[in-house]
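Numbering (UniProt numbering) for the sequence shown: 1 to 80.
We treat Cβ as the ideally placed atom computed from N, Cα and C, and that holds for glycine.
Before any comments, here is the structure.
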Amino acid sequence: MSRKPKDEVGTPEAAKVAATVMLSLGHTKATHEFEEVSISTDDPEHVTVLLSSADGRKIAVMLPRAEVKRLLSWRMIMSL
């Protein structure tokens with residue numbers, strides 16, 4: 001199941017979640033902007049976060065579900 005941000009009531013435009021990613025591969029460092037973030041929980045072993053940009057770049061991050069559960073609590077999520 002993929003989840004995308006919904007429109008906020010009373011706002012003129014959709015509330016969007018964006019991401020900035022800093023990658024370091026050896027001596028090469030780069031920062032990338034992504035305009036769309038979606039989360040998939042279809043895989044019982046992983047939570048997949050897909051970052052997409054308008055120019056077609058994508059990064060998929062697969063996080064072990066047990067580790068995500070250990071790191072995040074419902075109270076922590078609600079306090080964001």
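{"query": "Three-state secondary structure assigned by DSSP to Glu35", "result": "coil"}
{"query": "Distance CB(Glu45)-CB(Pro64) smaller than 8 Å", "result": "yes"}
{"query": "Leu71 (DSSP reduced to helix, strand or coil)", "result": "helix"}
{"query": "Between the CA atoms of Val21 and Arg57 - distance to the nearest angstrom", "result": "12 Å"}
{"query": "Spatially closest choice to Glu33 from Ile77, Asp43, Ala18, Leu25, by CA coordinates", "result": "Ala18"}
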